[in-house]
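Everything on this sheet refers to the single structure shown next.
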Amino acid sequence: MITLENIPPATVQYDEDVSRRIVLDRVVFTVYCPFLFKRLSKSHNKQAYQEWKEKFPKNIVRVFDYGGKNSMGIKFPTERWSSDPIESQEGEVISDLTLSFTAPYVGYAYCNFNRLYMKQKGINPYEDTYKFTNVLPIYLNDEKELLNEMCVTFSDHVQELKFIYSEYLKKIFDLDIEELARDLELQETDYTSLVEVSVKQAEVDVEFLGCDQVQFEYIAETRKSNYMLRCGDWTQTEYYSKNLKSIPIQFKRYQKGAGINRHEFTWSKDASRNWLKFEDPELLYESILLGISESYLKYGFEFEGIRPIKLDGESLLQEFAEWWKLSLDITKTIIYGGATVVKFDRTTKNLREKLQRNNLIVKLESDFGRKRGIYRFSDAVERIRQALNGIYRCPECNSLMDYDYEEFAHVCKRCNHRISYSFERCSHDTEFVKFETIEPIEDEEEVKK
1 MITLENIPPA TVQYDEDVSR RIVLDRVVFT VYCPFLFKRL SKSHNKQAYQ EWKEKFPKNI
61 VRVFDYGGKN SMGIKFPTER WSSDPIESQE GEVISDLTLS FTAPYVGYAY CNFNRLYMKQ
121 KGINPYEDTY KFTNVLPIYL NDEKELLNEM CVTFSDHVQE LKFIYSEYLK KIFDLDIEEL
181 ARDLELQETD YTSLVEVSVK QAEVDVEFLG CDQVQFEYIA ETRKSNYMLR CGDWTQTEYY
241 SKNLKSIPIQ FKRYQKGAGI NRHEFTWSKD ASRNWLKFED PELLYESILL GISESYLKYG
301 FEFEGIRPIK LDGESLLQEF AEWWKLSLDI TKTIIYGGAT VVKFDRTTKN LREKLQRNNL
361 IVKLESDFGR KRGIYRFSDA VERIRQALNG IYRCPECNSL MDYDYEEFAH VCKRCNHRIS
421 YSFERCSHDT EFVKFETIEP IEDEEEVKK
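Numbering follows the UniProt record's numbering, with no gaps: position 16 of the sequence shown is 16.
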């Protein structure tokens, strides 16, 4: 068990004033009406399928139904980032609902709660994100208030899902569950009681603000002996579990944006159903905290014991940040991140322009197969990295440490203590192997954020 008390003395210099927040991210639900399982035989509604396929051919999708077989369904967005009507094709989808054409017409819903919360509060996404924009601005740092509001948003969305599902049953299948419940003289006849919503999978994030990936290096050092996959890109993502459905609690850590280090847990099966089953916001709040604590314990850590390590030479980094007119968080990433090649897309255009104005990045040379949106750090940045090797003092003997540019590590000449920043791919049954290519993952679909 790794806690603040028993981490080796070489790394016990923590930032105790760091801000932390907990957010709900992407969640997948199953929506259904239990009494329909007994009243309807499992069969494909061909008439409804043909009718709605003619009306909305682009909305027809394949679904993996509750019985374990492929079926056909129809998907509608229930919330968009755009202010245009839901029926329009404009704007990013925040949430949607898919209904199976096979009785008893189980629904499958998706919601990005980061985006939903921002839309409800009129908040713009974080400008200095490294990939995608489903991240809250860094100034939202009240952990308790934010999680409370997220729980209210979650509970409200569950109730909304029940209503939307019951309305779609009427509209698509001409099935009024409230009227049917009254005809059957059931005890409960309101849709809020007739419809059940279960969480199939959920991403829950613990975000440390004003921090960089290297400040949690002790997590990586611990996980190396079990399983770890490290990617040498801009986000420096580290996977501490395999991406398998059989693993109910998955854990990965990455730099979501400048100054935002995200610890992301993906809950599925019993984990998601047990910790996100409460519709009461207060009970949900406590249940999420319990789930996060249990998730950290599964990987050998204590939730309240996780703290970022202080970086040496921060005052000097602040001078560079002011010189470049960049935030201190971005400057930390440039100096300490260790990435040699970075990618940009339309969501990170502003960050790319800032770095280009300061001559901090250049396009890859043609002999590296110049690709659109791929840059390397400039020679000036490399010289600054070399010049800053002396700001590290050895935690063992307090001597100045030299930087090994081939091994990506600080080395003490006096006692030979090492602090490594190399990107490695390792697991329980393989040797440590450094990446030999400048782009360790060729297919962006191979690893999804």
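The beta-carbon is built from N, C-alpha and C at its ideal position, and this holds for glycine as well.
Proximity to residue 65 across 105, 221 and 353 peaks at 105, based on C-alpha coordinates. Closest in C-alpha terms to residue 321, from the list 310, 309 and 335, comes 335. A Cβ-Cβ separation of about 13 Å leaves residue 228 out of contact with residue 218 under the 8 Å criterion. According to the DSSP assignment, residue 80 belongs to the beta strand (DSSP E) that extends over 70 to 80.
For residue 28 and residue 158, the gap between their C-alpha atoms comes out near 11 Å. With contacts defined by Cβ atoms closer than 9 Å, residue 254 and residue 266 do not form a contacting pair.
Assigned with DSSP and collapsed to three states, residue 123 falls in coil, not helix or strand.
A straight line joining the alpha-carbon of residue 33 with that of residue 117 spans about 28 Å.
Considering only 125, 107 and 54, the residue with the shortest C-alpha distance to residue 115 is 125. Distance between residue 142 and residue 340, taken at the CA atoms: about 34 Å. Secondary structure note for residue 18: it is in no beta strand (DSSP E), with a DSSP letter that is neither H nor E.
Taking a C-beta distance under 9 Å as the contact criterion, residue 128 and residue 327 qualify as a contact pair. The continuous stretches of alpha helix (DSSP H) do not include residue 236, and DSSP gives it neither H nor E. In this structure, the alpha-carbon of residue 418 lies about 49 Å from that of residue 155.
When DSSP states are grouped into helix, strand and coil, residue 250 belongs to the strand group.
Between residue 272 and residue 301, the alpha-carbon positions lie close to 20 Å from each other.
Here the alpha carbons of residue 63 and residue 137 stand approximately 35 Å from one another. Excluding its 5 nearest sequence neighbours in each direction, residue 293 has C-beta neighbours in its own chain below 7 Å: 303, listed in chain order. If you draw a straight line from the Cα of residue 209 to the Cα of residue 20, it comes to about 6 Å.
Of the residues 355, 298 and 288, the one whose Cα lies closest to the Cα of residue 152 is 288.
Spatial neighbours of residue 354 in its own chain (CB-CB distance under 7 Å, excluding positions within 5 residues in sequence) are listed in chain order as 326.
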